[in-house]
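Visitor: Just so we're on the same page, the working numbering is the position in the sequence shown counted from 1, plus 438.
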Amino acid sequence: MSKNKTFQSPRGTHDILPEEIAEWGFIENIFRELCGRYNYGEIRTPLFEATELFDRAAGEASDLVVTKQMYSFIAPDEQSYTLRPEGTASVVRAFLEAHLNERGPVSKLAYYGPMFRYEGTQAGRQRQFHQCGLELIGASAPEADAEVLALAADFLKALGIEAKLLINTLGTPETRAGYLDELRTFLGARRDTLSEDSQRRLNVNPLRVFDSKDARDHAAVEAAPRLLTYLEMHDEESIAHFAQLKTHLDNLGVAYEVDPLLVRGLDYYTRTAFEFVSDKLGAQSTVLAGGRYDGLIEELGGAPTPGIGWAAGIERLLLVRAASEIQTTTAPRLTAFLITMGDVARSAGVKILRQLRDNHINADCDFVGRSVKAQMREANRQKARFALLLGENELNEGTIMVKDLDASTQEAMPLEAAIERLRGGEQ
Ligand code: ATP
Ligand code: MG
Numbered sequence: 439m440s441k442n443k444t445f446q447s448p449r450g451t452h453d454i455l456p457e458e459i460a461e462w463g464f465i466e467n468i469f470r471e472l473c474g475r476y477n478y479g480e481i482r483t484p485l486f487e488a489t490e491l492f493d494r495a496a497g498e499a500s501d502l503v504v505t506k507q508m509y510s511f512i513a514p515d516e517q518s519y520t521l522r523p524e525g526t527a528s529v530v531r532a533f534l535e536a537h538l539n540e541r542g543p544v545s546k547l548a549y550y551g552p553m554f555r556y557e558g559t560q561a562g563r564q565r566q567f568h569q570c571g572l573e574l575i576g577a578s579a580p581e582a583d584a585e586v587l588a589l590a591a592d593f594l595k596a597l598g599i600e601a602k603l604l605i606n607t608l609g610t611p612e613t614r615a616g617y618l619d620e621l622r623t624f625l626g627a628r629r630d631t632l633s634e635d636s637q638r639r640l641n642v643n644p645l646r647v648f649d650s651k652d653a654r655d656h657a658a659v660e661a662a663p664r665l666l667t668y669l670e671m672h673d674e675e676s677i678a679h680f681a682q683l684k685t686h687l688d689n690l691g692v693a694y695e696v697d698p699l700l701v702r703g704l705d706y707y708t709r710t711a712f713e714f715v716s717d718k719l720g721a722q723s724t725v726l727a728g729g730r731y732d733g734l735i736e737e738l739g740g741a742p743t744p745g746i747g748w749a750a751g752i753e754r755l756l757l758v759r760a761a762s763e764i765q766t767t768t769a770p771r772l773t774a775f776l777i778t779m780g781d782v783a784r785s786a787g788v789k790i791l792r793q794l795r796d797n798h799i800n801a802d803c804d805f806v807g808r809s810v811k812a813q814m815r816e817a818n819r820q821k822a823r824f825a826l827l828l829g830e831n832e833l834n835e836g837t838i839m840v841k842d843l844d845a846s847t848q849e850a851m852p853l854e855a856a857i858e859r860l861r862g863g864e865q
């Protein structure tokens with residue numbers, strides 16, 4: 439094996455470089471601030487869980503299971519674990535494990551972090567990606583649906599992202615089962631016209647055919663019986679819930695469109711399902727998605743408890759912001775770059791840097807002993823606000839030369855005065 443072998447980050451993963459971090463931090467801060475405003479507490483769960491948790495939560499008809507998107511592995515303890523592909527299952531597991539239900543009827547939880555799915559990679563579709571999301575557990579009323587949607591709309595608005603909210607109702611598992619029988623029969627008769635993916639889904643979850651991005655499925659989808667129409671005849675309660683949600687959204691000024699074809703990739707959704715879509719992303723148009731999951735908590739071993747939540751893909755939010763040419767946030771500017779001449783000054787510089795930083799001044803220096811000219815170039819490359827020059831003269835006089843790189847002026851002064859000046863000159 440060659441000694442000089444180089445490595446790349448695994449396919450579908452990305453390094454986030456320092457110059458990109460400001461944008462990430464900006465999104466994170468807005469999310470945290472809004473969660474505070476709506477009274478959601480942050481929860482941090484492990485990055486891996488027992489595989490069975492995700493299998494159970496997602497359901498055997500889900501994309502995660504059907505198209506084998508999970509990163510599962512056998513650990514030395516011979517148990518199967520999976521890198522979390524989504525946040526809800528872990529949050530519900532933690533909710534049950536910590537008995538959060540005993541603290542009050544409603545738990546409002548938010549999370550932020552990496553998720554892992556083994557899938558084909560393209561722009562906006564990675565194998566390690568990041569989500570921020572939230573869950574409102576314990577309330578079945580449409581007011582809860584309206585709140586999580588209002589928070590989502592506020593979040594996207596604060597990010598300067600224009601996205602259309604699509605909503606639908608999926609009914610209850612019981613009423614949906616009746617519809618699925620009808621749909622299966624309809625699609626079964628047209629099996630040969632469907633894409634391979636949809637043919638595979640036909641038996642497990644024919645609803646997912648509606649979610650297909652394959653053009654071959656469009657004709658069948660157009661003509662197929664509609665869930666909403668079926669529910670209007672067979673599930674009065676879900677339809678009433680949906681009507682109330684729409685009224686609340688109208689009252690809150692949250693714009694939406696009913697999309698009777700909207701379904702979700704996870705099986706646990708009941709009633710409300712929704713997506714915010716952007717026209718800036720091509721095929722991967724969904725930036726934020728979620729729904730109600732009234733059966734999930736029971737499925738994971740808890741008492742019957744309703745819940746609703748959503749997750750947003752951070753990489754997609756970043757892509758939309760970039761495509762919309764929204765002014766990107768920038769990292770804090772370096773205030774002082776210390777330039778030293780000669781060994782004595784170089785050594786004295788160590789303490790000066792410490793004093794600057796003790797005074798909360800962002801400061802740095804050249805560590806490689808280059809010429810003054812090269813150090814000056816470095817100060818400019820780093821776009822420092824000030825260069826501080828320390829040579830024999832300054833050492834003898836107990837001063838430092840403060841060069842204002844914006845104003846192109848310079849003045850020698852004692853270090854204390856320089857510190858005052860720099861603190862005033864910080865931006
Ligand atoms: P899609 O239909 O795009 O596969 P999904 O239904 O699998 O999405 P969810 O599980 O609802 O997505 O996840 C919520 C959000 O997380 C998505 O709307 C998207 O913004 C983001 N997301 C999901 N999968 C990925 C991925 N592989 N890479 C980047 N972002 C993703
Ligand atoms: Mg998916």
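The beta carbon of each residue, even a glycine, is placed where N, CA and C say it ideally should be.
Give every residue of the same chain whose Cβ lies closer than 7 Å to the Cβ of His686, excluding the five residues on either side of it in the sequence, and list them in chain order.
Guide: Pro580, Glu581 and Ala584, listed in sequence order.
Visitor: For the ligand ATP, is there a heavy atom less than 7 Å away from the beta-carbon of Leu608?
Guide: Not so, every heavy atom of the ligand ATP lies at least 7 Å from the Cβ.
Visitor: In three-state DSSP terms, what is Gln848?
Guide: The answer is strand: DSSP assigns Gln848 an E or B state.
Visitor: Verify the contact flag: Thr896, CB atom, against every heavy atom of the ligand ATP, threshold strictly below 7 Å.
Guide: Shown here, the chain extends from 439 to 865; a query on residue 896 therefore has no answer.
Visitor: What would DSSP say about Leu603, mapped onto helix, strand or coil?
Guide: It is a strand residue.
Visitor: Ignoring anything shorter than 3 residues, give me the beta strand (DSSP E) runs that lie fully in the region 571 to 642, in order along the chain.
Guide: Listed in chain order, they are 602 to 607.
Visitor: Does the contact criterion of 3 or more C-beta pairs under 8 Å hold for the region 694 to 714 versus the region 540 to 550?
Guide: The region 694 to 714, when compared against the region 540 to 550, does not touch it at the 8 Å Cβ threshold.
Visitor: Leaving out five residues before and five after Arg541 in sequence, what residues of the same chain have Cβ atoms less than 6 Å from its Cβ?
Guide: No residues qualify anywhere along the chain.
Visitor: Val725 by DSSP, collapsed to three states: which one?
Guide: In this structure, Val725 counts as strand in the three-state DSSP scheme.
Visitor: If I measure Cβ to Cβ from Asp886 and keep anything under 7 Å in the same chain, skipping five residues before and after, which residues do I get?
Guide: Since the first residue shown for the chain is 439 and the last is 865, residue 886 is missing from the structure and cannot be characterised.
Visitor: Going by CA-CA distance only, name the one from Leu665, Phe554, Asn467 and Ser846 that's closest to Asp697.
Guide: Taking only the C-alpha atoms, the option nearest Asp697 is Leu665.
Visitor: Please give the ranges of any beta strand (DSSP E) in the region 458 to 509, keeping only runs that are unbroken, at least 3 residues long and fully inside the region.
Guide: Whole beta strand (DSSP E) segments, 3+ residues: 486 to 488.
Visitor: The ligand ATP heavy atoms versus the CB of Gln560: any closer than 7 Å?
Guide: Because no heavy atom of the ligand ATP lies under 7 Å away, the Cβ of Gln560 does not count as near it: no.
Visitor: So within the region 782 to 813, which uninterrupted beta strand (DSSP E) runs reach at least 3 residues, ignoring any that extend past its ends?
Guide: Listed in chain order, they are 801 to 803.
Visitor: Could you check what DSSP says for Gln569 in three-state terms: helix, strand or coil?
Guide: Three-state result, Gln569: strand.
Visitor: With distances taken between CB atoms, is the gap from Gln793 to Arg754 smaller than 8 Å?
Guide: No, these two residues do not count as a Cβ contact at 8 Å.
Visitor: Any idea what DSSP makes of Ile454, helix, strand or coil?
Guide: Of the three classes helix, strand and coil, the one that applies to Ile454 here is coil, per DSSP.
Visitor: Is Gln865 helix, strand or coil by DSSP?
Guide: For Gln865, the predicted model reports a pLDDT of 43, less than 50, meaning its position is unreliable; a value from the coordinates is still stated below. Note: Gln865 maps to coil in three-state DSSP.
Visitor: Return the Cβ separation of Met825 and Phe775 in integer angstroms, given the expectation that the two are a contact with Cβ distance under 8 Å.
Guide: Here the sequence assigns Ala to residue 825, which means Met is not the residue at that position. Right, the Cβ-Cβ distance comes to about 5 Å (below 8 Å), so this counts as a contact.
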